[in-house]
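Before any comments, here is the structure.
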Amino acid sequence: MTETDLMEKIVSLCKRRGFVYQGSEIYGGLAGTWDYGPLGVALKKNIENLWWRQFVSSRDDMYGLDSSIVMPEVVWAASGHLEGFTDPMVECAKCKHRFRSDQVEGEHCPECKGKLGKPKMFNLLFPVDLGSTVGASRGYLRGEIAQGMFVNFKNIIDSFHPKLPFGIAQSGKAFRNEIAPRDFLFRVREFDLMEFEYFVNEAEWEKWFEYWRNEMWGWIESVGIKKDSVHELNVPEDERAHYSKRTIDFEFDFPFGRKELYGLAYRTNYDLSKHMEKSGVDMQYAEEDGSKFVPHVIEPTFGLGRTVLAVLASAYTEDELGGEKRTYLKLKSAIAPVKAAVFPLLKNKPELVAKAREVYQALKKEIPQVMWDDNGNIGKRYRRQDEIGTPWCITVDFETLEDDTVTVRDRDTGEQERVPGIELGAKLSALLAA
Ligand code: ATP
Numbered sequence: 198m199t200e201t202d203l204m205e206k207i208v209s210l211c212k213r214r215g216f217v218y219q220g221s222e223i224y225g226g227l228a229g230t231w232d233y234g235p236l237g238v239a240l241k242k243n244i245e246n247l248w249w250r251q252f253v254s255s256r257d258d259m260y261g262l263d264s265s266i267v268m269p270e271v272v273w274a275a276s277g278h279l280e281g282f283t284d285p286m287v288e289c290a291k292c293k294h295r296f297r298s299d300q301v302e303g304e305h306c307p308e309c310k311g312k313l314g315k316p317k318m319f320n321l322l323f324p325v326d327l328g329s330t331v332g333a334s335r336g337y338l339r340g341e342i343a344q345g346m347f348v349n350f351k352n353i354i355d356s357f358h359p360k361l362p363f364g365i366a367q368s369g370k371a372f373r374n375e376i377a378p379r380d381f382l383f384r385v386r387e388f389d390l391m392e393f394e395y396f397v398n399e400a401e402w403e404k405w406f407e408y409w410r411n412e413m414w415g416w417i418e419s420v421g422i423k424k425d426s427v428h429e430l431n432v433p434e435d436e437r438a439h440y441s442k443r444t445i446d447f448e449f450d451f452p453f454g455r456k457e458l459y460g461l462a463y464r465t466n467y468d469l470s471k472h473m474e475k476s477g478v479d480m481q482y483a484e485e486d487g488s489k490f491v492p493h494v495i496e497p498t499f500g501l502g503r504t505v506l507a508v509l510a511s512a513y514t515e516d517e518l519g520g521e522k523r524t525y526l527k528l529k530s531a532i533a534p535v536k537a538a539v540f541p542l543l544k545n546k547p548e549l550v551a552k553a554r555e556v557y558q559a560l561k562k563e564i565p566q567v568m569w570d571d572n573g574n575i576g577k578r579y580r581r582q583d584e585i586g587t588p589w590c591i592t593v594d595f596e597t598l599e600d601d602t603v604t605v606r607d608r609d610t611g612e613q614e615r616v617p618g619i620e621l622g623a624k625l626s627a628l629l630a631a
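Sequential numbering from 198 applies to the sequence shown in the working numbering.
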């Protein structure tokens, strides 16, 4: 399978099986937007919940937040984004198509061979007019979620009196008017980020940078991204964002090339200092001995859409089982959109269907995301569940009616085991927690 094939197969599976659809598709689609269908949203939320558990709720040093998407112009002036949040853009003199100049080679348009103009800096923030009077007040959809954490820094300090080091975390939408959205979920104009600002004493920034670098590798493993396909890149100074003194990109071998998946940046105390200057609000942290300073910050950033794509690319598998070709998603059970599917062996035997319904209802109470399936024959149901990454298929057959055992089929090996119905919930819960 070539890499182009792999990408086509993932996009097609996503559409066919209800993971991801093109945004506003019935009107021809809106470039750079994708809509998550029932299975996609389940997968995405499972990843987000796993992240939240790993980095926020299981820790004592992290404070959760859900800040507003629209923020006033002054925030973006203070943070430097009005000036610095730009990409170099070139326009073709012939077809007027626009490109990011760092993504095209040579002086001619790849599509019509027209001559490309001189690069201009293009700001990626989306402006919004607030209120009913035109020009009354200019806001922006947030281009990164970090500013929400910085502008709430003092609120968290005042409410919780945390001691350094501590973090403020959130996940949510960010918007960037990308010049050339492309590569499915990779480069879009509206996307979800999961991120935290970890505030430290300046003297300790290197230690915490290393700590979070390790934790990011731990996450890559726990979410099920192939570790061998992830590579660290030390971003050179001239390519770093305006606020950063050190950045590592975690790049992933996507089917369309090695590209940034996550970032880890040392943002110094740039943002808090700028907000302190612009707002006049004291953003200093007070030590017990009374000394005050503006904390420095380490920022691990995780793009959620890029995570979904890397997870799908890592999980997509084609093999042969029982002499038949099949496609399956080898997803970690913690993030699989459906954990278990329950079927009656035959659809036209009312006693089997009734028993299977009973098993289904009972299981649904014990574990989340259980699905009922009685369409087509059993082989087809297995294939269908394999294709969406369901780790276990539970079949109720004639033996169940006699001894109350069901078969549990493992997605990866296709092996089946008979399990007493009464133990099913506990068994799957234990597997899920493993
Ligand atoms: P790139 O160089 O790819 O444009 P960036 O360096 O601007 O990315 P950051 O500002 O570090 O990216 O953004 C943080 C994270 O947000 C990235 O690591 C990535 O996971 C995600 N991300 C950034 N831009 C997009 C986008 N247009 N679509 C989807 N995810 C994105």
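Note that the Cβ used here is the ideal one computed from N, Cα and C, for glycine as well.
Ligand 1 heavy atom lying under 7 Å from the CB of residue i
i	result
LEU430	no
SER319	As written in the sequence, residue 319 is Phe, which differs from the Ser given in the question. For ligand 1, not one heavy atom lies less than 7 Å from the Cβ of PHE319.
PHE372	no
PHE595	no
TYR459	yes
ALA438	yes
GLY500	yes
LEU279	no
PHE383	yes
LEU390	yes
GLU245	no
GLU341	yes
GLU375	yes
ARG608	no
ARG503	yes
Residue nearest to residue i in terms of C-alpha spacing, selected from the options
i	options	result
TYR408	GLU448, GLU308, PRO362	PRO362
ASP263	ASP284, CYS289, ARG256, ILE353	ILE353
GLY573	THR597, CYS590, LEU543	LEU543
ARG581	LYS562, VAL593, THR524, MET198	THR524
MET346	GLU548, ALA438, LEU390	LEU390
TYR459	VAL432, LEU469, VAL397	VAL432
LEU157	GLY586, LYS577, LYS423	Because the chain in this structure spans residues 198 to 631, residue 157 falls outside the shown range and cannot be described.
PHE216	LEU203, LEU279, ASP232	ASP232
ASP355	GLU584, LYS577, GLU288, ALA483	ALA483
Bridge partners - residue i, DSSP secondary structure assignment
i	result
THR283	ASN320
HIS305	LYS312
GLN344	Paired residue(s): none; GLN344 is not in a bridge.
CYS289	LEU313
GLY500	LEU390
GLU429	PHE447
MET259	GLY364
THR604	THR592, ARG615
LEU210	According to DSSP, LEU210 bridges with nothing at all.
Cβ shell of residue i (< 8 Å), same chain only, five flanking positions each side left out
i	result
VAL420	ILE244, LEU247, TRP248, THR504, VAL508, LYS529, ILE532
MET473	ASP479, MET480, GLN481, VAL491
LEU598	GLU548, LEU549, LYS552
PRO359	ASP258, TYR260, ILE353
GLY622	ALA559, LEU560, LYS562, GLU563, ILE564
LYS624	VAL605, VAL616
LEU203	PRO452, ALA510, TYR513
GLY328	SER334
ALA538	VAL567, MET568, TRP569, ASP570, ARG578, GLN582, THR587, TRP589, CYS590, ILE591
LYS206	MET198, TYR513, THR524
Test: residue i CB closer than 8 Å to a CB of chain D
i	result
MET198	The structure shown contains no chain D, having only a single protein chain.
Cβ neighbours of residue i in the same chain (closer than 6 Å, five flanking residues each side left out)
i	result
ALA512	LEU526, LYS527, LEU528
GLU606	Per the sequence shown, the amino acid found at residue 606 is Arg instead of Glu. Same-chain partners within the cutoff: CYS590, GLN613.
GLN566	VAL535, LYS536
GLN219	GLY226
PRO497	TRP409, MET413, LEU461
SER476	none
ASP446	LEU430, VAL432, GLU457, GLY460
VAL427	ILE417, PHE447, PHE449
7 Å Cβ shell around residue i - same chain, five flanking residues per side excluded
i	result
TYR463	TRP402, PHE406, SER441, LYS442, ARG443, ILE495
PHE282	ASN320, LEU321, LEU322, GLY340
VAL348	VAL272, HIS472
VAL325	VAL267, GLY336, TYR337, LEU338
VAL253	MET259, GLY261, ALA366
GLY502	LEU382, VAL385, PHE388, ASP389
ILE342	GLN367, GLY369, ALA371, LEU390, GLU392
TYR467	TYR440
LEU292	It is Cys, not Leu, that sits at residue 292 in the sequence shown. Around CYS292: CYS306, GLU308, CYS309, GLY311.
Three-pair Cβ contact test at 8 Å for the region 396-404 versus the region 296-306: no
Segment contact, 8 Å Cβ cut-off, at least three pairs: the region 360-375 with the region 211-225: no
At least 3 beta-carbon pairs within less than 8 Å: the region 450-470 vs the region 372-384: yes
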